[in-house]
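The structure appears right after this line, and notes come after that.
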Amino acid sequence: MAIVVFLWTAAPAAAGIDPVDPAFDDSALITGLERPTAVRFAPEPDGRLFVAEKGGTVKAFDGPLDPTPTPVIDLSDEVNDFWDRGLLGMALDPQFAELGGAKRRIWLLYARDGDAAHPPPRWNDHCPDPPDGPGATDSGCVITARLVYVTLDALGVAGDPVPVLENEWCAQFPSHTIGTVAFGPDGMLYVGAGDGASFSTVDEGQFGGQGGVPMNPCNDAAGEGGALRAQDARTPADGQTLSGTIIRVDPLTGAAAPGNPHAGAADANRRRVIAYGMRNPFRFAFRPGTPELWVGDVGWYRHEEINRVDTGDADAENLGWPCSEGHEATEYKSLGICASLGTGDVTPPVFSYDHGDEAAPADGCRADSGSSISGIAFNTADAFPSAYDGAMFFTDFARGCIWSMRAGAGGRPDPATAAVFARDAGDWSGAVDLQMGPNGDLVYAYMGADGGAIRRIRHRAPRAVITADPTSGRSPLSVHFSAAGSVDPAGGTLTYAWDLDGDGAFDDGTGAEVHWLYTEPGTVTARLQVTGAGGRTGEVATTVSVANDAPSDVRIVPREPVRPWAVGDRFELDGSAVDDDPAGMTLIWTLTIRHCKTGGGCHSHEIEQQTGPHASFTAPDHDYPAHLLVRLVARDRHGLTGEQTLRLDPATVTLRAEANPRSLVVGVNGAVGPSPRAQTLLAGSRAVLSVVTPQVVGGRTYRFAGWSDGSHEVRHTVAVLRDTTFVARFAGPPATGSPPVGKDPRDTARPRLRLLSRRLRLGRGRLDVRVVCPDEPCALTARVRGARKTRVDLAAGRSAVVRLRLPARVRRALRERHRVRVRLELTAADAAGNLTRLRRVVRLTSAPTRKR
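The opening position of the sequence shown corresponds to residue 104 in this note's numbering, with each subsequent residue numbered one higher.
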């Protein structure tokens, strides 16, 4: 397969999510952020704006366009900032602005870089790969989550975090861990968390066992592991996990709030749960004046959901995951705890939309880019037209759109009124949090290619647009500023006021075109304020760097020739850039996987960040189609940047599953149907083969007898590096005069295995085995006791010498010139069902080192 590598410089910063009605305007409120995840407004007379960033920092801003935020707290050593993990939830005390400061508290919810047995930092925003590490999508770097509160002093700086809940959530894989923390109208704290399971395949708790991660690392009960832990509340006798739930607790103690559905339960976690059966309740919001919690649940393969949870009733709602998604049963329906779940036991979603389809009629959103519902907010002010009174807004990060759903009967959002409200034309960005601002604006945390911003959508407010030419250069620097793009949707005549010296006062110019001469070195924030009809204003800012140029000639240089990658491959990269002040420049690397739909449309998942002149990344597992982007940003001490991006395309394989007899059904990644089944995967990607047993066809009963690679698991996890066919063999009562079912009587030649020697002198810590496939394609599954399995697929009539990796302890003993015995376990199986097994004890010694 050919690989295409692109190097390009950064596109201009994204403009946000544009309203489809020209009477509304989108503009920046706070810029220059690093992946903002949540925004909250302190009530008057405080009036500050607080922003949480994914890496673990919180900043306070005095108002719009404040260029000098106050650092509130830095939890980056505690926060696991990896893939979708990070500092994701924030809530302010409802009495935050009361005098005396005792209630100047902020609650923070984050993925914690450790667990009860391993205090942070454990993984350091990374997940080491096998054989020494567990691998992000292999066994998973297991973490928990933490809920804390901090109290701000008179200077706005937080004291030490006070734990409220910790180590009660378990997340094995790096997606959908925790999300929102919010106060309810009852003064209690509501906290949501995802199931922490694999996003790429059916996960019932079967993964683990390498890199220090044990099997069943979350200690789930039998039949309730992986995604199934979201249904754990149905079995109170075996303990309760908080994954896949929303809880209601006392804000200071974390104890279950009075009146919870299971307030009398013995298990403390069970007492906390008010809703369960969710994959990733990333964002939720209360409908004003009611106990109704409206929850956006991020979907898997088929549907995004909006659910309603009545927090005032006596029931803990079961929202169905993983047994159902949207209004459909899933591949989990017959597994574990799902098998006993009846349709009437599930509260269906109020609204859902299918992946690949429009969320609302003719919305024009990026429906082919994936789906990830990422924000919910209710209109609580009169700044918007009356048609939006009580309306609910929701957003999808992957699709880049915001929709409205207007109030219907009883004031509840009416799904029939769902309509697109604002649309982002780019495919790199979107909103991850929606809030209603104190002035009735719709405010959102925006993640984009430039890092991110807090933006707002206003009705009939003037839109300020500023351009500066040049934006950097040697002193003295003459800069021309223009406000020509500014507009007033109300039709008024605009007046202009400029702050060009960065002192915060709009007293440096009044025209639409102005000039300013900068003589002192440094970076200055220039601001424009426009005033339109009715005295309404709009503001915008830009930066000018004097006596400084942005880093240039940014380069990414791979240490090895770039080739199509397989899952687990490593990339060693060097980076460089040219800057006036090299000592003050920082190189920041970001690895992103772009998941795309066949025919176009992609959305991004940031994997990890590294800093320095060298980076080392590992290709992750993900659904196909997908590719990797490595982005290198050079940032100088004044915040100016230059960048390049390297695209890395994968190798792909075709995985086929067949049944023998072919009239039976077989499954790949949960899609069960007539044989054969085929699926394109990233090379090395993990997949789950499955069978239904017994099956009845033509009045005859067939029972599963095993896979062609020697496995007898009904649900068989495989990873393949080349096109491979797996045959599920079934046995049944033979018809009169017929050979046994499940094997072709004309094919009797078994694969041949031969150990090249029983006494081997090893130089590279590997052991050689020869396998021959006479008549059919075959697969060798082999391992040395204590090491990982090796799998090799061969075509018919071909032979190969297979090199097996030895355990670390054996390699160490050989280096020390000891003689070692190891036990080999070898199985070769062809597509016709012929098997050859070999078990041997082999004596190994080290090869002598040659002198030169």
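Note that CB positions come from ideal geometry on N, CA and C, so glycine has one too.
For this session: List the whole-angstrom C-beta distance separating W692 from L735, where the pair is believed to meet the contact cut-off of C-beta under 8 Å.
Result: 6 Å
For this session: Determine the DSSP secondary structure at V913, reduced to helix, strand or coil.
Result: In this structure, DSSP gives V913 a helical state, which the three-state scheme calls helix.
For this session: For L168, collect the residues of the same chain with a Cβ closer than 8 Å to its Cβ; drop the 5 residues on either side in sequence, then sort them by chain order.
Result: A131, L132, I133, T134, T628, R630, E642, V643, A644
Exercise. Roughly how many whole angstroms lie between the Cα atoms of E428 and L824?
Worked result: 31 Å
For this session: Provide the residue span of the beta strand (DSSP E) that contains R738, from first to last.
Result: 729–738
Exercise. How about V175 and G259: do their beta carbons lie closer than 8 Å?
Worked result: yes
Exercise. The alpha helix (DSSP H) with A371 in it runs from where to where?
Worked result: Run containing A371: 371–375, per the alpha helix (DSSP H) assignment.
Problem set entry | Beta-carbon proximity list for W595, same chain, < 8 Å, skipping 5 on both sides | A small correction: the amino acid at residue 595 is Gly; Trp does not occupy that position in the sequence shown. Excluding residues within five positions, the ones whose Cβ falls inside 8 Å are P565, G635, A636, G637.
For this session: Give a yes or no on whether the C-beta atoms belonging to D536 and G503 are separated by under 8 Å.
Result: The criterion of a C-beta distance shorter than 8 Å is not satisfied by D536 and G503.
Exercise. Just how far apart, CA to CA, sit S489 and G514?
Worked result: The C-alpha of S489 lies about 13 Å from the C-alpha of G514.
Exercise. Straight-line CA distance for Y549 to P264?
Worked result: 27 Å
Problem set entry | Own chain residues within Cβ distance below 8 Å of R861, not counting five before or after | Caution applies to R861, whose pLDDT of 47 falls short of 50 and renders its modelled position unreliable; the value that the coordinates give is listed next. These residues qualify, in order along the chain: R943, V945, R946.
Exercise. Which of the three DSSP states, helix, strand or coil, is assigned to Q343?
Worked result: DSSP places Q343 in coil when its eight states are reduced to three.
Exercise. By DSSP, does L947 sit in helix, in strand, or in coil?
Worked result: L947: strand per DSSP, three-state reduction.
Problem set entry | Beta-carbon proximity check, L190 vs A248, cutoff 8 Å | Not in contact: L190 and A248 (Cβ atoms no closer than 8 Å).
Exercise. Does the pairing of the region 675–682 with the region 710–724 give three or more beta-carbon distances under 8 Å?
Worked result: yes
Problem set entry | Rounded straight-line distance, which links the Cα of A729 to that of H819 | 24 Å
Problem set entry | Sub-8 Å separation of R750 and T744 beta-carbons | no
Problem set entry | beta strand (DSSP E) segment containing A644, residue limits | The continuous beta strand (DSSP E) containing A644 extends over residues 640–649.
Exercise. Going by alpha carbons, who is nearest to P854 out of D602, V733, G813?
Worked result: G813
Problem set entry | DSSP three-state assignment for Y404, whether helix, strand or coil | It is coil, neither helix nor strand.
Exercise. Does DSSP put T893 in a helix, a strand or coil?
Worked result: strand
For this session: With distances taken Cα to Cα, identify the nearest neighbour of G192 among T755, I120, H279, R151.
Result: Selected option, being the one with the closest Cα: H279.
Exercise. What span of residues does the beta strand (DSSP E) with E746 cover, start to end?
Worked result: 744–751
Problem set entry | Residues that DSSP places opposite W810 in a beta bridge | Paired residues: A831.
Exercise. Count the other CB atoms within 10 Å of the CB of R924; is the residue buried (16 or more) or exposed (fewer)?
Worked result: exposed
Problem set entry | Cβ-based burial, R386 [other Cβ within 10 Å; buried from 16] | buried
For this session: Please confirm whether V582 and A571 have their CB atoms less than 8 Å apart.
Result: The Cβ atoms of V582 and A571 lie closer than 8 Å to each other.
Exercise. How close, in whole Å, do the beta carbons of H725 and G473 come, if the pair is a contact with beta carbons under 8 Å?
Worked result: Not quite, the Cβ-Cβ distance comes to about 11 Å (not below 8 Å), so this is no contact.
For this session: Identify the continuous beta strand (DSSP E) that holds S193 and give its terminal residues.
Result: Strictly speaking, residue 193 in this sequence is Met, with Ser absent from that position. Its beta strand (DSSP E) spans residues 190–195.
Exercise. Do the region 911–928 and the region 881–889 meet, that is, are 3 or more Cβ pairs less than 8 Å apart?
Worked result: yes
Exercise. Since V294 contacts I246 with CB under 8 Å, what's their CB separation in whole angstroms?
Worked result: With a Cβ gap of about 16 Å, V294 and I246 do not count as contacting.
For this session: Closer than 6 Å by C-beta to T283: which residues in its own chain qualify, once you throw out the five before and the five after it? Chain order, please.
Result: Taken in chain order, the residues that qualify are G192, G295, R386, F387.
Exercise. Where does T240 sit, in a helix, a strand or coil, going by DSSP?
Worked result: helix
Exercise. Pairing CB atoms from the region 172–187 with CB atoms from the region 195–202, are three or more of them under 8 Å?
Worked result: In short, these stretches do not touch, since the Cβ pair count stays below three.
Exercise. Can you check whether the CB of G367 is closer than 8 Å to the CB of H458?
Worked result: No, the pair does not count as a contact, with Cβ atoms beyond the cut-off.
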